[in-house]
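There are 2 protein chains.
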Amino acid sequence: MKLILIGFGVVGQGFAEILRDKAVELKRKHGFAAAIIGVVTASKGALYRSDGLDIPALLEAAHGGCFSHYPDQPGLRRGWSADEMIAAGEADALVEVSPTNLETAQPALDICKLALDAGMHLVLANKGPVALDHANLRAQARAKGVQMRYEATVMAGTPTMHLAEDALAGCEILSARGILNGTTNYILTQMESGMSYEGALKQAQELGYAETDPTGDVEGWDAAGKVLILANALFGASLTMADLDVSGITHISAADIAEARAAGCRYKLIASATAEGGMVKAARLPLADPLASVGGSTNAITMKTDLLGDITLIGAGAGKLETGGAILADLLAIQRAAGPS
Amino acid sequence: MKLILIGFGVVGQGFAEILRDKAVELKRKHGFAAAIIGVVTASKGALYRSDGLDIPALLEAAHGGCFSHYPDQPGLRRGWSADEMIAAGEADALVEVSPTNLETAQPALDICKLALDAGMHLVLANKGPVALDHANLRAQARAKGVQMRYEATVMAGTPTMHLAEDALAGCEILSARGILNGTTNYILTQMESGMSYEGALKQAQELGYAETDPTGDVEGWDAAGKVLILANALFGASLTMADLDVSGITHISAADIAEARAAGCRYKLIASATAEGGMVKAARLPLADPLASVGGSTNAITMKTDLLGDITLIGAGAGKLETGGAILADLLAIQRAAGPS
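And the structure:
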């Protein structure tokens, strides 16, 4: 399987490391072999080679901060745009791992549409296109007979989408609600242990969970993007941010936390989606709720189904290998669906 | 898809109800249509009809306790054995939902082998054959190019096997540990609330969780059967009951529970499997362990993976529709793997 990667940050590098380290195992267990033939980045440059790039050299160049450190090779092209790589028509799948833009989904959205139009499968860790234009992308993928998968966009590699779309295929999913942002869950957990909001936020930033500008996390927007993805993917909704009721955790005080605790409850930032809509809101959960005991930066989701009752999945919501592993899982699912070769 | 059912108790009837109630939805969403062409039971008789049995009439006859209540129809055969139905060569899959025998796996095991040999896919809710002869059945299925699936055998329809085999396909699963017996978890949860072991067991029997002879549950044998299935399916082990260290909850007193509680812990009957072996043993878990907060008859499993860290799945471990839904999920997966028709 020949791949073009758009973006080569933490997630792209994690995926490349997995391909490097698991090549033999993947070939043996799944008959799966992948070559990265193109990489486009905003800051490090771009590389393309029909016969495949050398993954260790690619990772080393990325660690050096610039693809100019990548050695010359026969057939190597430097500086191509995503459009040029797609137009070359050699890739089987485009892997979108560039940073998420929840306002316009660009420039990723246009690139995704070009790739689908060229008959390439599409795998995303970038939430933007799936959150903002799911229906059009899905229709385009179906028309072209290719697959679009995006396991990494919700709970990293914890297999939320595989669960909903494959494992629960015979059920009707009635609702989904979960803890979909690790940063805010980490802050709330630390506040339970007596830390102030400011202290917990600072610690989350030091650990790399929260960004310097934490607004996207603490105001609920990151979780809201995931609500849109769930609503559109699981319920065929066509919601936009304007349809969601979104609030974060900035109004939760140490006193609120203590009061909830005294009442046998715990505050969690709950993201929920149904066929009718979605919301992100801090809520006091009774301790018997499986989501109440999910601590630290861990994520979790409960899907209510007609046949199986409540199914809860708990796992990592971020991380280099955890998210890179989601890309691999999607590519394996694409290969499975294509049938034995 | 033409099906033969071996057994028609709670699980078989639950599956038949789902086929009856979801026929239109399954056809529309998955292009899936199934006919039950044969049913063999130990106590109600047997029915076979190439063009499919009438599901409402089948359920009504079963509720009456005997298939002699099923109306005559053109082409209907009464009293055929499983061997005769398989020999007719018309079924695409055999669905084994007869009661589990963890000592010999018979008579189900011989029937499963006959069906695989005849080129039929195999779906089981019966734990016996998968727990005791997994390696041979898998080899036979592979040689015949058919699938063997058994989602229902561990945690009913909660998609444990789909998770391990499909959703986590790119990972290496290092270990699995969980609460795999609902009866004992219900008893332990009630004891936490101050009930005696005897009182909690009596209540579990009244609610239909525990059988009149509760030995299989409370001594850990039911969970041990599931450990064998996990060990053999996830790790390619060839373990037998003799390889497992198995104990139950009968030695846990109210004082033990109280002492654990005072130490911030909770007793759970933990079933675990690795490539090296498996065990069933009551253990004191710290409350931060996701398994500690799983109460009542609910089941849960944590799989430790190389790429994604710990993944925990929580859901029902028994129930008519919950287990019948697992059969449906397996049949849908078989259809998916066979590719678009």
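Chains as they are written, first to last, in the numbering used here: chain A, 7 to 347; chain B, 7 to 347.
All residues carry an ideal CB built from backbone N, CA and C; glycine is no exception.
- Around B:Ile276, no beta-carbon contact reaches into chain A at under 8 Å, the shortest distance being about 17 Å.
- The criterion of a C-beta distance shorter than 7 Å is satisfied by A:Ile185 and A:Asn305.
- Using a Cβ-Cβ distance cut-off of 8 Å, the stretch 142-150 of chain B and the stretch 276-293 of chain B are not in contact, since fewer than three pairs of beta carbons, one from each stretch, lie closer than that value.
- Taking a C-beta cut-off of 7 Å against chain B, the contacting residues of the stretch 33-45 of chain A are His36, listed in chain order.
- For B:Leu236, there are no neighbours in chain A by C-beta distance under 8 Å, as the nearest C-beta there is about 16 Å away.
- Using a CB distance below 7 Å, the part of the stretch 169-202 of chain B facing chain A consists of Leu169, Asp172, Ala173, Leu174, Ala175, Gly176, Cys177, ordered along the chain.
- Neighbours of A:Gly163 across chain B, judged by C-beta separation under 7 Å: Leu313, Leu314.
- B:Pro135 has a beta carbon lying at 7 Å or more from every beta carbon in chain A.
- Taking each of A:Asp98, A:Asn132, A:Ser244 in turn and checking the Cα distance to A:Ala332, the smallest one comes out for A:Asn132.
- With respect to the 7 Å criterion, A:Glu328 and B:Leu138 are not classified as neighbours on the basis of their beta carbons.
- Counting only the Cα atoms, B:Lys33 lies some 19 Å from B:Gly20.
- Taking a beta-carbon distance threshold of 7 Å, A:Ala335 counts as an interface residue toward chain B.
- Look at A:Pro292 here: in three-state DSSP terms it is strand.
- Non-local C-beta neighbours of A:Ile258 in its own chain, meaning closer than 8 Å and more than five positions away in sequence, comprise Leu194, Met197, Tyr203, Tyr273, Ala288, ordered along the chain.
- Here B:Leu53 is buried. Its C-beta has 16 or more other C-beta atoms within 10 Å.
- For the stretch 167-217 of chain B, the full-length alpha helix (DSSP H) segments reaching 4 residues or more read 188-198, 203-212 along the chain.
- In the DSSP assignment, A:Ile255 forms no beta bridge with any residue.
- With a threshold of 7 Å between beta carbons, A:Glu23 makes no contact with chain B.
- Taken atom to atom, the span from the alpha-carbon of A:Ala29 to that of A:Lys35 is near 10 Å.
- Fewer than three pairs of CB atoms, one per stretch, sit closer than 8 Å, so the stretch 84-103 of chain B makes no contact with the stretch 58-69 of chain B.
- Contact check for B:Asp219 against B:Thr190 fails: the beta carbons are separated by 7 Å or more.
- Closest by C-alpha distance to B:Pro296, out of B:Thr280, B:Ala277, B:Ile320, is B:Ile320.
- For A:Gly81, the closest of A:Ser104, A:Ile43, A:His75 by C-alpha to C-alpha distance is A:Ile43.
- Judged by DSSP in its simplified three-state form, B:Cys72 adopts coil rather than helix or strand.
- Think of a sphere of 8 Å around the beta carbon of A:Ser303: no beta carbon from chain B falls inside it, the nearest being about 11 Å out.
- With respect to the 7 Å criterion, A:Leu291 and A:Ala281 are not classified as neighbours on the basis of their beta carbons.
- A Cβ-Cβ contact shorter than 7 Å links B:Gly18 with B:Val103.
- Note on A:Gly188: 16 or more other CB atoms within 10 angstroms of its CB, so buried under the neighbour-count rule.
- B:Gly321 has a beta carbon lying within less than 7 Å of a beta carbon in chain A.
- Between B:Asp98 and B:Lys8, the C-beta spacing is below 7 Å.
- Where B:Ala149 is concerned, the enclosing alpha helix (DSSP H) starts and stops at 133-150.
- In this structure, the straight-line span from the alpha carbon of B:Asp172 to that of A:Glu157 is close to 13 Å.
- Here B:Cys72 is exposed. Its C-beta has fewer than 16 other C-beta atoms within 10 Å.
- Assigned with DSSP and collapsed to three states, A:Ser299 falls in helix.
- If you draw a straight line from the Cα of A:Thr311 to the Cα of A:Gly163, it comes to about 22 Å.
- A direct Cα-Cα distance of roughly 11 Å separates A:Arg342 from B:Ala175.
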